[in-house]
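One structure is given below, encoded as structure tokens.
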Amino acid sequence: MTKVQGSPWEVLKVFSTLGLTSFGGPTAHLGYFKTAFVDKRNWLTEADYANTVALCQFLPGPASSQVGMVIGFRRAGYLGMLMAWLAFTLPSAAVLTAFALLVKDSTLVDPEAGWLKGLLAAAVAVVFHAVAGMAKNLANTRVTATIAVIAGLIVLSVPSPWTHVAVIAVAALAGAFVCQASAPTETDDSRSVPQAVALSALALFVAALIALPILARTTKDHTLEMINAYFSSGALVFGGGHVVMPLLEQHTVAPGWVSQTEFLAGYSAAQAVPGPLFTFASFLGGADAGLLGAAIATIAIFAPSALLVLFGLHYWDRLSHSLTIRKAFAGANAAVVGLLAAALYNPVFTHGISGIPSMAIAAVCWLGMAKWNVPAWAIALGAGIAGWVLL
74 MTKVQGSPWE
84 VLKVFSTLGL
94 TSFGGPTAHL
104 GYFKTAFVDK
114 RNWLTEADYA
124 NTVALCQFLP
134 GPASSQVGMV
144 IGFRRAGYLG
154 MLMAWLAFTL
164 PSAAVLTAFA
174 LLVKDSTLVD
184 PEAGWLKGLL
194 AAAVAVVFHA
204 VAGMAKNLAN
214 TRVTATIAVI
224 AGLIVLSVPS
234 PWTHVAVIAV
244 AALAGAFVCQ
254 ASAPTETDDS
264 RSVPQAVALS
274 ALALFVAALI
284 ALPILARTTK
294 DHTLEMINAY
304 FSSGALVFGG
314 GHVVMPLLEQ
324 HTVAPGWVSQ
334 TEFLAGYSAA
344 QAVPGPLFTF
354 ASFLGGADAG
364 LLGAAIATIA
374 IFAPSALLVL
384 FGLHYWDRLS
394 HSLTIRKAFA
404 GANAAVVGLL
414 AAALYNPVFT
424 HGISGIPSMA
434 IAAVCWLGMA
444 KWNVPAWAIA
454 LGAGIAGWVL
464 L
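74 is the number of the first residue of the sequence shown in our numbering; add one for each residue after it.
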């Protein structure tokens, strides 16, 4: 990890661009992050980034948002972590809140719109670029390449969020015995989470998970009911935005907070905006209780992620100096490559490529990133326009 420290405003600036241009869902976000922070700015090494992704895959909640929080914290401390989350989240949260306030019982987002298909094709290029780069560095031996292939095949064969966690865990265990250890990562102590903070974050997480349902049931206060619904959704789901949908439907449609039509309209809209899919909660909160409801839902669904990141980072840093743990990291990192490769096929490729025109858009986007150094916002804009014209 680099010891060069940045400012929170530097973090805010970079993540603001990502929050406006990171279309394509959580897997694509990891590709955008790698390009922005590993390839272009060297804020992290390839191994540091893979370790961060592996950590966040272990934690419940939105993995890409958690990766962003970790990067922000490493670069500029607690305020950097906050700025990374705000900048990456606010654009989509604001758009979806406005959509909730303006639209009732109708869908203005056509999932077959050409511009949206163009953005999905761009996501294919983004993820392919990320997978190729990570494979070159993290799955470049017979052992690690084998782990990556096996991990990808298992995830494709057993599609479950828990499969991701199990595959990384087993790969880490295998890696401890069969992988070569990477060079120890030099950790900047000023960017480590103290034990007191880590344990306080865990205590607050557990206390909220236990107390909120009790308070919501006993008081019947709708604000507490909302906080409980969104906090528990963010705390108990592995796999990101798409996986949280059934829980959110149970919490919001079943009690009548929003209609089924509103729910589906918001979910369609969430696919069309950049940033984390968890901001679907912003739409639901806004449709239910206006601006205040949107703010409550957004903060509550992301709060567990922040607490778990603070807890996880402390022990991740403590363990990373061990030879055995570094060998385990090599196995886990190879598995992460396999998981991303599997996601490249399904859902990214299967949803993003529908014929020769979309394949051409993806190919040009890849050339733009890999050979011409075109910025992410221009890739997204060009793909959207090309999709509108061609698809």
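In this text, a Cβ means the ideal position worked out from N, Cα and C, and glycines have one as well.
Just so it is clear, the structure is predicted and the values come from calculations on it, not from any experiment.
Would you report the Cα separation of residue i and residue j, rounded to the nearest angstrom?
i: Ala370; j: Leu381; result: 18 Å
i: Thr217; j: Val126; result: 17 Å
i: Leu169; j: Ile374; result: 15 Å
i: Leu85; j: Ala157; result: 6 Å
i: Ala281; j: Asp294; result: 16 Å
i: Trp439; j: Glu322; result: 36 Å
i: Ile106; j: Asn115; result: Ile is not the amino acid found at residue 106; the sequence shown has Phe there. Distance between the alpha carbons of Phe106 and Asn115 is about 11 Å.
i: Thr180; j: Ala408; result: Caution is warranted here: a pLDDT of 48 is assigned to Thr180, below 50, making its placement in the model unreliable, and no coordinate value can be reported.
i: Val197; j: Leu337; result: 25 Å
i: Phe278; j: Ala242; result: 23 Å
i: Val317; j: Pro81; result: 30 Å
i: Tyr151; j: Ser89; result: 17 Å
i: Trp330; j: Thr291; result: 19 Å
i: Val87; j: Phe351; result: 20 Å
i: Val199; j: Ala289; result: 42 Å
i: Phe353; j: Ile458; result: 25 Å
i: Thr467; j: Glu83; result: Since the first residue shown for the chain is 74 and the last is 464, residue 467 is missing from the structure and cannot be characterised.
i: Pro349; j: Leu175; result: 21 Å
i: Val334; j: Leu320; result: The sequence shown places Thr at residue 334, rather than the Val named in the question. Approximately 17 Å, taken between the alpha carbons.
i: Ser431; j: Leu163; result: 29 Å
i: Gly153; j: Lys444; result: 31 Å
i: Phe110; j: Ala302; result: 34 Å
i: Val437; j: Asp121; result: 29 Å
i: Asp178; j: Ala343; result: Note on Asp178: pLDDT 48, under 50, position unreliable in the model; the coordinate value appears next. Approximately 16 Å, taken between the alpha carbons.
i: Tyr340; j: Phe201; result: 26 Å
i: Val238; j: Lys209; result: 23 Å
i: Pro133; j: Ile220; result: 23 Å
For the alpha helix (DSSP H) containing residue i, list its first residue and its last residue.
i: Ala327; result: It is not in any alpha helix (DSSP H) - Ala327 carries neither H nor E in the DSSP assignment.
i: Val266; result: No alpha helix (DSSP H) holds Val266; DSSP gives it neither H nor E.
i: Ile429; result: Ile429 to Ala443
i: Gly348; result: Segment: none, Gly348 is in no alpha helix (DSSP H) and carries neither H nor E.
i: Cys252; result: Segment: none, Cys252 is in no alpha helix (DSSP H) and carries neither H nor E.
i: Phe96; result: Careful: Phe96 lies outside any alpha helix (DSSP H) and carries neither H nor E.
i: Ala379; result: Phe353 to Leu392
i: Val200; result: Gly187 to Leu211
i: Ile398; result: Leu396 to Ala416
i: Thr219; result: Arg215 to Ser230
Among the candidates the options, whose CA atom is the shortest distance from the CA of residue i?
i: Pro347; options: Trp82, Ile452 and Val222; result: Ile452
i: Gly460; options: Ala443, Val447 and Ala433; result: Ala433
i: Leu417; options: Ala205, Glu185 and Glu119; result: Ala205
i: His324; options: Val222, Gly358, Ala342 and Gln344; result: Gly358
i: Ala247; options: Thr352, Gly457 and Arg399; result: Arg399
i: Phe20; options: Pro267, Gly455 and Leu297; result: The question about residue 20 has no answer here: the residues shown for the chain are numbered 74 through 464.
i: Thr108; options: Leu396, Arg391, Met207 and Val326; result: Met207
i: Leu159; options: Ala376, Leu412 and Leu454; result: Ala376
i: His424; options: Ser395, Pro286, Ala194 and Trp188; result: Ala194
i: Ala136; options: Leu103, Arg215, Asn210 and Ala342; result: Leu103
i: Phe96; options: Trp188, His237, Gln78 and Leu132; result: Trp188
i: Ala173; options: Asp361, Ala456, Gly411 and Asn210; result: Asp361
i: Ala308; options: Pro99, Lys113 and Gln139; result: Gln139
i: Val410; options: Gly441, Arg148, Leu211 and Leu155; result: Leu211
Per DSSP, residue i is paired with what?
i: Gly150; result: Partner(s): none; Gly150 has no beta bridge.
Query raised in the report: Would you say the segment 382 to 402 touches the segment 262 to 271, given that touching needs at least three Cβ pairs under 8 Å?
Result: yes
Query raised in the report: Do three or more CB pairs link the segment 413 to 428 to the segment 222 to 229 at distances below 8 Å?
Result: yes
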